[in-house]
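**Student:** Quick one: structure below, then a few questions.
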Amino acid sequence: MKRHLVSALTLSLIAGLAGAADSTTSAAPASAQVANGKLVSGIAVEYIDPAVRAQDDLFIHMNGKWLATTEIPADKASWGSFAKLRDDIQPQLRAIIEGAAANKAGGPEAQRIGDFYSSFMDEAKLEQLGLTPLNAELAKIAAVSNKKQLPALISHLNKIGVTAPYGYGIHQDNKDSTKYVVDFGQDGLGLPDRDYYLKADDQKMADALAKYELHIAKMLTMAGDAHGALTAHAIVAFEKELAKIQWTKVELRDPVKAYNKVDIAKLGKVAPGYDWNAYLADAGITGKVKYVIVGQPSYLKGMTALLAKTDLDTLKSYFRWHLLRSGAPYLNKAYVDENFAFYGTVLSGVTEQRPRWKRGVSVTEGALGEAVGKIYVEQNFPAERKARMQTLVNNLLASYKTSIDQLDWMSPVTKKQAQEKLAKFTTKIAYPNHWRDYSKLVVSKDDLVGNVIRSREFEYNKELAKLGKPIDREEWGMTPQTVNAYYNPEMNEIVFPASILQAPFFNADADDAVNYGAIGGVIGHEISHGFDDQGAQYDGDGNLRDWWTAADHKNFAAKTKMLVEQYNQFSPLPGYHVNGELTLGENIADNSGIAIAYKAYKLSLGGKEAPVIDGLTGDQRFYMGFAQVWRLKMREAQQIVQIKTDPHSPGQFRANGPMRNQPGFYDAFNVKPGDKMYLEPKDRVIMW
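For what it's worth, this note's numbering labels the leading residue of the sequence shown as 59, then goes sequentially.
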């Protein structure tokens, strides 16, 4: 249950005056350089749209010229500061990986990195092999002669990362954070969300479903199915039945409803008609745990009933399809292209494949992430950046500590426990203290599909080995080269990988105002997840426990209801609105994070006035820096996927939504009634 901040940022320089209600900022040459003895504002002047006032639309004001002049790259579904930074570090990762491939004396770990990458880049070999790398796995599906063999097959597919009707994972027990537990949850769809199967009145999703069926038919026909169209129709009908019994994305946000502790011996009563003992034995779970957690009991019950009434041939075709879907990116060009034509173009609107070397870097990272990350940090991460980041985090935590005592919606008894939780926060910055050991992962230079499958089994076995052992609190859920950050409520930790600690998120040459607005907003966002509508249900030790009073719940619910209603009004595409309930946790975090970052920025000034740079006050630069964070363009098809599946709001609403609720923003830009960003004080949601 990690919360991931996945959106866009960018910083540079601005000039102009933006203090009055009728003022605008105007672009000027980016002249303030450290080398000239001047402070750098960190605001990107070249993208400012002076025709749109900050008081009317901060997002467009800050990013308007960028939006008007920037084309999304042909190989991308979206483009913004996150995507650009990820793209910018690709050559660094390529140099590391190709260097490992060329260095015969680099040691076993370097050889694994190099051989994995080489197996992906050998296109001639893949063309020669065609579908044969999947033959052994296809044979396992073909060999199933009765439904009693399904549990063993599904267990195997779980191990090798192939979609099946239910998923399996190992994590901390939400109500006993000292133990690892096995968790079962809904899965099994080839489209991003159940709505794609069930919203017949939505023409765009209905069209995607129709094209999905055609795609399945083509893939199966390529793989030798003489009745590909009929088979595809049966598969889609089966997935539609799965979709009908699945919980919605909003329902899945409730950790209490998703915590259903079931004794191993009683699993068959929750979901009857299925040999759970056979599955557990084959999965390697038997004897390691006495109970499991069932995420969605009604789904699991409906799924076993659906398996029982569906004919075996359809089920085998369904599993064969998902094996093909999983393996397609690692086969010859025909399969790669057909897979991209649907999942890249139809679902995301992307018209061009990423260059092969970039895909090779991604798949190698996916298998050997920390091995690559260790070299990346050594070569690209200045040590002083970590220390400066720690100072920022400490200031944000100090501001939260002060703010808890000032909350008007939290009772004294709950404030005491909130302070205890805050004191137990763990901060992880840049890279792990201990690196993963990949010595048991077998990599062959001429066996790409085998490498992918073995890497997935390696990951599966690593997770399985946790059962019965103490919690590894040193473990990271992201690699150092990941441009992202997260909060994990089970660990009560905030994590900031090395790659996010650079421009445009963190500009070491800029005045502090823009950094507190940008990376400070990110830090505040992640900390606040510990106190949002989900994270607040966990205590400081990571246990799912209600530590709020009834009055606190009522007061908090009133605020969150207002926030849901605000975001429900936002529409990034005609006919599509932000789902305020699905995005609530992230909207709370954006609202709270920028409020706390602002307080931390004020704390950092030590009572002094911030300098005016490029005609802008410190407060103005702070909020402008935050608005630059969410610079983003997205293709329409990908925007629909985001609205349906992503707990984050679209970029423009992450910039404008929180600002309308921040008193400091009103003061910084003299926002008044009649301005489009203005909300009446009674309608503003102030969380912190």
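The C-beta atom is built at its ideal place from N, Cα and C for all residues, glycine as well.
As the structure is a prediction and not an experimental result, all values here were calculated from the model.
Does DSSP put residue 746 in a helix, a strand or coil?
**Tutor:** Here residue 746 is taken as the residue at index 688 of the sequence shown, counted from 1. Residue state, collapsed to three classes: coil.
**Student:** How far does the beta strand (DSSP E) with residue 114 in it reach, from first residue to last?
**Tutor:** The residue you call residue 114 lines up with position 56 of the sequence shown. Per DSSP, residue 114 belongs to no beta strand (DSSP E) and is neither H nor E.
**Student:** Between the beta-carbon of residue 267 and the beta-carbon of residue 249, is there less than 9 Å?
**Tutor:** As a working mapping, residue 267 is identified with position 209 in the sequence shown. As a working mapping, residue 249 is identified with position 191 in the sequence shown. Result yes, Cβ atoms of residue 267 and residue 249 sit closer than 9 Å.
**Student:** Residue 670 to residue 120, Cα distance in whole Å?
**Tutor:** Taking the first residue of the sequence shown as position 1, residue 670 is located at position 612. Taking the first residue of the sequence shown as position 1, residue 120 is located at position 62. Approximately 18 Å, taken between the alpha carbons.
**Student:** My guess is that residue 552 and residue 439 are in contact by the Cβ rule of under 8 Å, so how many angstroms apart are they, rounded?
**Tutor:** The residue labelled residue 552 in the question sits at position 494 within the sequence shown. The residue labelled residue 439 in the question sits at position 381 within the sequence shown. With 8 Å as the limit, residue 552 and residue 439 do not qualify as a contact, their Cβ atoms being about 18 Å apart.
**Student:** Residue 732: buried (16+ other C-beta within 10 angstroms of its C-beta) or exposed?
**Tutor:** Here residue 732 is taken as the residue at index 674 of the sequence shown, counted from 1. So residue 732 ends up on the exposed side.
**Student:** CA-CA distance, residue 293 and residue 428?
**Tutor:** Counting from 1 along the sequence shown, the entry for residue 293 is found at position 235. Counting from 1 along the sequence shown, the entry for residue 428 is found at position 370. Whole-angstrom Cα-Cα distance: 38 Å.
**Student:** Could you check which residue in 375, 397, 376 and 309 has the C-alpha nearest to that of residue 385?
**Tutor:** Your numbering for residue 385 matches position 327 in the sequence shown. Residue 397 is the option with its Cα nearest to residue 385.
**Student:** Mind checking which residues open and close the beta strand (DSSP E) that includes residue 279?
**Tutor:** Position 221 of the sequence shown holds residue 279. Counting along the chain, residue 279 falls outside any beta strand (DSSP E), though it belongs to the alpha helix (DSSP H) covering 261-280.
**Student:** Is residue 407 close to chain D? Criterion is C-beta to C-beta, closer than 9 Å.
**Tutor:** Absence of chain D from the displayed structure is noted, only one protein chain being present.
**Student:** Please report the straight-line C-alpha distance between residue 742 and residue 237, rounded to a whole angstrom.
**Tutor:** Taking the first residue of the sequence shown as position 1, residue 742 is located at position 684. Taking the first residue of the sequence shown as position 1, residue 237 is located at position 179. Cα-Cα distance, rounded: 41 Å.
**Student:** Counting pairs of Cβ atoms below 8 Å between the stretch 409-429 and the stretch 493-506, do you hit three or more?
**Tutor:** Output reads yes: the stretch 493-506 touches the stretch 409-429.
**Student:** In the structure shown, what three-state DSSP assignment does residue 325 receive?
**Tutor:** Taking the first residue of the sequence shown as position 1, residue 325 is located at position 267. DSSP places residue 325 in helix when its eight states are reduced to three.
**Student:** Using only the alpha-carbon positions, how far apart do residue 717 and residue 649 sit?
**Tutor:** Against the sequence shown, residue 717 aligns to sequence position 659. Against the sequence shown, residue 649 aligns to sequence position 591. Spanning the two alpha carbons is a distance of roughly 8 Å.
**Student:** Between which two residues does the beta strand (DSSP E) holding residue 164 run?
**Tutor:** Taking the first residue of the sequence shown as position 1, residue 164 is located at position 106. No beta strand (DSSP E) holds residue 164; DSSP gives it neither H nor E.
**Student:** Out of curiosity, what's the CA-to-CA distance linking residue 736 and residue 357?
**Tutor:** As a position in the sequence shown, residue 736 is number 678, starting the count at 1. As a position in the sequence shown, residue 357 is number 299, starting the count at 1. Straight-line Cα distance between these residues: approximately 44 Å.
**Student:** Could you name the residues of the same chain whose beta carbon sits closer than 7 Å to that of residue 416, not counting the 5 residues immediately before and after it, in chain order?
**Tutor:** Walking along the sequence shown from the start, residue 416 turns up at place 358. Correct list, in chain order: 148.
**Student:** Classify residue 297: buried if its beta carbon has 16 or more other beta carbons within 10 angstroms, exposed otherwise.
**Tutor:** Residue 297 sits at position 239 when you count from the first residue of the sequence shown. Residue 297 comes out buried.
**Student:** Tell me residue 555's beta-bridge partners as DSSP assigns them.
**Tutor:** In the sequence shown, the residue the question calls residue 555 occupies position 497. Beta-bridge pairing links residue 555 to 488.
**Student:** Work out the CA separation of residue 115 and residue 97 for me, nearest whole Å.
**Tutor:** Numbered from its first residue, the sequence shown carries residue 97 at position 39. Numbered from its first residue, the sequence shown carries residue 115 at position 57. Cα-Cα distance, rounded: 27 Å.
**Student:** State the DSSP-derived secondary structure class of residue 231, mapped to helix, strand or coil.
**Tutor:** As a working note, residue 231 is residue 173 in the sequence shown. In this structure, residue 231 counts as strand in the three-state DSSP scheme.
**Student:** Beta strand (DSSP E) containing residue 690: first to last residue?
**Tutor:** Here residue 690 corresponds to residue number 632 of the sequence shown, with the count starting at 1. Unbroken beta strand (DSSP E) run through residue 690: 690-692.
**Student:** My understanding is that residue 613 touches residue 467, with C-beta atoms under 8 Å, so please give their C-beta distance in whole angstroms.
**Tutor:** Here residue 613 is taken as the residue at index 555 of the sequence shown, counted from 1. Here residue 467 is taken as the residue at index 409 of the sequence shown, counted from 1. Right, the Cβ-Cβ distance comes to about 4 Å (below 8 Å), so this counts as a contact.
**Student:** Could you tell me which whole beta strand (DSSP E) segments of length 3 or greater appear in the stretch 521-552?
**Tutor:** Entirely contained in the stretch 521-552, the beta strand (DSSP E) runs reaching 3 residues are, in chain order, 544-546.
**Student:** Alpha carbon to alpha carbon, how far is residue 723 from residue 469?
**Tutor:** The residue labelled residue 723 in the question sits at position 665 within the sequence shown. The residue labelled residue 469 in the question sits at position 411 within the sequence shown. Between residue 723 and residue 469, the C-alpha separation is close to 28 Å.
**Student:** Measuring only the C-alpha atoms, how far is residue 80 from residue 673?
**Tutor:** Within the sequence shown, numbered from 1, the residue matching residue 80 stands at position 22. Within the sequence shown, numbered from 1, the residue matching residue 673 stands at position 615. Its pLDDT being 30, under 50, residue 80 is placed unreliably by the model, and the measurement read from it follows with that caveat. Distance between the alpha carbons of residue 80 and residue 673 is about 16 Å.
**Student:** So, at 6 Å on beta carbons, what are the nonlocal neighbours of residue 283 in its own chain, with the 5 sequence-adjacent residues on each side left out?
**Tutor:** Translated into positions along the sequence shown, residue 283 becomes position 225. Excluding positions up to five away in sequence, the list reads 289.
**Student:** Can you say whether residue 739 is buried or exposed, counting buried as having 16 or more other CB atoms within 10 angstroms of its CB?
**Tutor:** In the sequence shown, counting from the first residue as 1, residue 739 sits at position 681. Residue 739 comes out exposed.
**Student:** Please report the distance separating the alpha-carbon of residue 208 from that of residue 214.
**Tutor:** For this step, residue 208 is matched to residue 150 along the sequence shown. For this step, residue 214 is matched to residue 156 along the sequence shown. So the alpha carbons of these two residues sit roughly 10 Å apart.
**Student:** Taking a contact to mean a Cβ-Cβ separation below 9 Å, would you say residue 658 touches residue 578 in this structure?
**Tutor:** Here residue 658 refers to the residue found at position 600 of the sequence shown. Here residue 578 refers to the residue found at position 520 of the sequence shown. Taking 9 Å as the Cβ cut-off, residue 658 and residue 578 qualify as a contacting pair.
**Student:** Entirely within the stretch 176-231 and at least 4 residues each: give me those alpha helix (DSSP H) ranges in chain order.
**Tutor:** Correct list: 181-187, 193-200 and 208-217.
**Student:** Which word fits residue 611, buried or exposed, when buried means at least 16 other C-beta atoms lie within 10 angstroms of its C-beta?
**Tutor:** Numbered from its first residue, the sequence shown carries residue 611 at position 553. The residue in question, residue 611, is exposed, as its Cβ has fewer than 16 Cβ neighbours within 10 Å.
**Student:** Closest to residue 454 by CA distance: which of 434, 481, 472 and 437 is it?
**Tutor:** For the purposes of this step, residue 454 is taken as the residue at position 396 of the sequence shown. The option with the nearest alpha carbon to residue 454 is 481.
**Student:** Taking just the CA atoms, how far does residue 199 sit from residue 374?
**Tutor:** Position 316 of the sequence shown, counted from the first residue, corresponds to residue 374. Position 141 of the sequence shown, counted from the first residue, corresponds to residue 199. Near 6 Å, if we compare the C-alpha coordinates of residue 199 and residue 374.
**Student:** Using CA coordinates, which residue listed in 639, 569, 573 and 550 is at the minimum distance from residue 558?
**Tutor:** In the sequence shown, the residue the question calls residue 558 occupies position 500. That would be 573, whose Cα lies nearest to the Cα of residue 558.
**Student:** Entirely within the stretch 665-725 and at least 3 residues each: give me those beta strand (DSSP E) ranges in chain order.
**Tutor:** Runs of the beta strand (DSSP E) inside the stretch 665-725: 690-692.
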